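Remarks on the structure that follows.
Protein chains: 2
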Amino acid sequence: MASVRRLRDVGEHAWIGRWITRLARWPGAASGGRVVVGPGDDAAAVRPGPHTLLLTTDALIEDVHFHRSWVTPAALGRRAFAVNASDLAAMGAVPRFALLALEAPPATPLATIDALARGFARAATRVGARLVGGNLAAGPHLALTATLVGEAPGRIVTRRGAQPGDLLYVTGAFGACGLAVRRLAEGRAGRLPEIPRRTPAGVLLARVASAMIDVSDGLLQDLGHVCRASGAAAEVELDRVPVAPACRQALGLGAGAFAAQAGEDYELLVAIPRRREAALLRLRRHLGCPITRIGRIVAGRPAVRVREQVGRPPHSARGGFDHFRR
Amino acid sequence: MASVRRLRDVGEHAWIGRWITRLARWPGAASGGRVVVGPGDDAAAVRPGPHTLLLTTDALIEDVHFHRSWVTPAALGRRAFAVNASDLAAMGAVPRFALLALEAPPATPLATIDALARGFARAATRVGARLVGGNLAAGPHLALTATLVGEAPGRIVTRRGAQPGDLLYVTGAFGACGLAVRRLAEGRAGRLPEIPRRTPAGVLLARVASAMIDVSDGLLQDLGHVCRASGAAAEVELDRVPVAPACRQALGLGAGAFAAQAGEDYELLVAIPRRREAALLRLRRHLGCPITRIGRIVAGRPAVRVREQVGRPPHSARGGFDHFRR
């Protein structure tokens, strides 16, 4: 049996050196005149454009955000890029430069680390961004901390601009990732679904939105963040929340409530002033994904109220995901 | 006995929320008109200046880079900033915006996390940079992955410009951290020394240097990186390497060899073309630290040769630090 080459067999510097050589050969890697110094030096150097720069960082930690059997190394690399790109999309920004800090046990097969870095770098290239730097360190488990620098070609949108009367829309559908996680946690075979690419939708929605957030902790919990930041309340009609087909099929009547509280769907949630709804509907076919109206912002202390069925009174919601309290 | 409040008692979002409130109150936090959106949204938004942007990321991982008894939480936060600021200094750049991704066990006392974040944020403020974002996630151990965005007010310097005939200079002195680590590993009481602030020196040295690197892996190993990147060899006179007083006192005759191979001193190593040596000596008193000539770049295949004493022939060196091979 051929022996598996592991990280400790080549060492940190040799692995990084090999990767830099590979990245330099990538089509497109040299074409971006804005990268003055790429990977392999103390820092990367890039030329800033005239636009506002957006900075975000997020981590995927083994046995917290994923188990190795849940996701292939390449998909994990793509995911580390995508969770950050999702944060940028939620501000109306496009990823430009990426840094990837890896933590891995010395016994990790080289093929795993390579596939992971390749998945990340390809996800960056696909949207016109560059992997310009990173870090590799020994650790007891696998962890990927990525940082993206993005640019907002137009308006940027925060969580804090929602006003009473604004309509609440979401992209895509909810519950697919939550269902997959539930099944995987039960020991069933499967993989985490890929994170949707909402960069084009984010940039377009930023033109008309008063507030926007990406849904990572769960729709109701992230809506709660918008309410707190904006100093307003929200009403959600559970019947309207778009549910991923697999989730609907598996959970039937309970699917809506599950989807509204499940995490990691990475769809966008936007507040749209009524006067801009016509403009939103004109943008609709350029977004690259469906959008659905699910509720509205109302006056009041920050809170999310859920109406389970039309005609029933709304009740307060508490849901979502917090790493330290489960 | 009063019970200790731990991270799991407040949760991720509450901790982040508290921190954002604190940061907003900090003197100077609001004065930087370049931060359009600070911490607490999906991403931070900043206005780029006209200068080249430098991007770098580095991690401090518990039981790999430090043990908790080796460093106070505040010093650990400062250290996470400083190791990245050192990378920027080695390119001639000044930190402007910082992101801190924290990984911590749920049982971590709140006071530890707070002191850590405060140490980081204060280190940033002290050099005119802003903590604009970050992440907090549960994990089996403490880990800090920081990303800095810096600006180069003038010329940037990489590792690859050294030419035969260039003189090699270093800032400060070597061996203090290596000695501390050796003593701590033997179970003796003590702390890791603070990382020197070489940002002003880096910016000034960038005016005259042909190549520059910060010494994190060990002087000889990092000089090896410069040689490989520049396609040249180097000769170091061991007698000339400035040794930290504590290291000299503890190790006597062996101190030079130890200091040249010990890691984590975070001093700068620069190659200076002979014709610019006079300019370097004029800058000297503005650097804020001593500089010492330790050797020179010579023609030949990339290698570092060490002359232990004047008159003795040089021999090839192999030293330094690689996380996966020890």
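Chains as they are written, first to last, in my numbering: chain A, 1 to 326; chain B, 1001 to 1326.
The C-beta atom is built at its ideal place from N, Cα and C for all residues, glycine as well.
Computed from a predicted model, the values in this text were never measured in an experiment.
Our two residues, residue 235/A and residue 306/A, have alpha carbons roughly 6 Å apart in a direct line. When beta bridges are read from the DSSP output, residue 1212/B appears opposite 1270/B.
Ranked by Cα distance from residue 1174/B, the options 1157/B, 1196/B, 1165/B and 1228/B are led by 1196/B. Just so you know, the alpha carbons of residue 1005/B and residue 1134/B end up roughly 22 Å apart.
Residues of the segment 1130-1146 of chain B whose Cβ lies closer than 8 Å to any Cβ of chain A, in chain order: 1132, 1133, 1134, 1135, 1136, 1137, 1138, 1139, 1140, 1141, 1143 and 1145. Within chain A, 55 have C-beta atoms less than 8 Å from the C-beta of residue 1097/B, given in sequence order. Neighbours of residue 1088/B in chain A, taken as residues at a C-beta separation under 8 Å, are given in chain order as 42 and 43. At the C-beta level, residue 45/A and residue 1052/B come within 9 Å of one another.
Approximately 7 Å separates the beta-carbon atoms of residue 203/A and residue 154/A; this is inside 8 Å, confirming the contact. Closer than 9 Å to the CB of residue 159/A there is at least one CB belonging to chain B.
Residue-level contact check: residue 1172/B does not touch chain A, since none of the beta carbons of chain A fall below 9 Å from its beta carbon. For residue 58/A, the C-beta contacts it makes with chain B under 8 Å involve 1101 and 1135, in order along the chain.
As summarised for the segment 228-252 of chain A, the continuous beta strand (DSSP E) elements at least 3 residues long and confined to that stretch are 233-237, given in chain order. Under the DSSP assignment, residue 1199/B falls in the alpha helix (DSSP H) whose first and last residues are 1199-1205. By the Cβ criterion, the segment 130-149 of chain A is in contact with the segment 56-69 of chain A, since at least three pairs of Cβ atoms, one from each stretch, lie closer than 8 Å. At a cut-off of 9 Å, the C-beta of residue 1229/B has a neighbouring C-beta in chain A.
By the beta-carbon neighbour count (other beta carbons within 10 angstroms, threshold 16), residue 1063/B is exposed. The Cβ atoms of residue 271/A and residue 316/A do not sit closer than 9 Å to each other.
Residue contact with chain A for residue 1123/B: absent (no Cβ-Cβ distance below 9 Å to any residue of chain A). Rounded to whole angstroms, the gap between the alpha carbons of residue 218/A and residue 246/A is 17 Å. With a minimum length of 3 residues, the unbroken runs of beta strand (DSSP E) contained wholly in the segment 8-41 of chain A fall at 35-37.
With respect to the C-alpha of residue 1096/B, the residue from 1075/B, 1069/B and 1048/B having the closest C-alpha is 1048/B.
Close CB contacts of residue 1267/B within its chain, under the 6 Å cut and outside five residues either way in sequence, are with 1170, 1171, 1172 and 1215 (chain order).
Among the residues of chain A, those whose CB is under 7 Å from the CB of residue 1214/B are 42, following chain order. Neighbourhood of residue 126/A in chain B, by CB distance below 9 Å: empty, with the nearest CB roughly 20 Å away. For residue 155/A, no chain B residue has a Cβ inside 9 Å of its Cβ, as the nearest lies near 11 Å away. Measuring C-alpha to C-alpha distances from residue 185/A to each of 39/A, 41/A and 70/A identifies 70/A as the nearest.
DSSP, reduced to helix, strand and coil, places residue 1071/B outside both helices and strands of the structure shown, so it counts as coil. Contact check for residue 101/A against residue 136/A passes: the beta carbons are separated by less than 9 Å. For residue 1059/B, the pairing in a beta bridge is given by DSSP as 1145/B. For residue 1064/B, no alpha helix (DSSP H) segment is defined, and its DSSP state is neither H nor E.
Of 1210/B, 1182/B and 1290/B, the smallest CA-CA separation from residue 1162/B is found for 1210/B. Residue 1130/B has 1097/B as its beta-bridge partners, per DSSP. In chain order, 1043 make up the part of chain B whose C-beta sits under 9 Å from the C-beta of residue 150/A.
Taking a beta-carbon distance threshold of 9 Å, residue 263/A does not count as an interface residue toward chain B.
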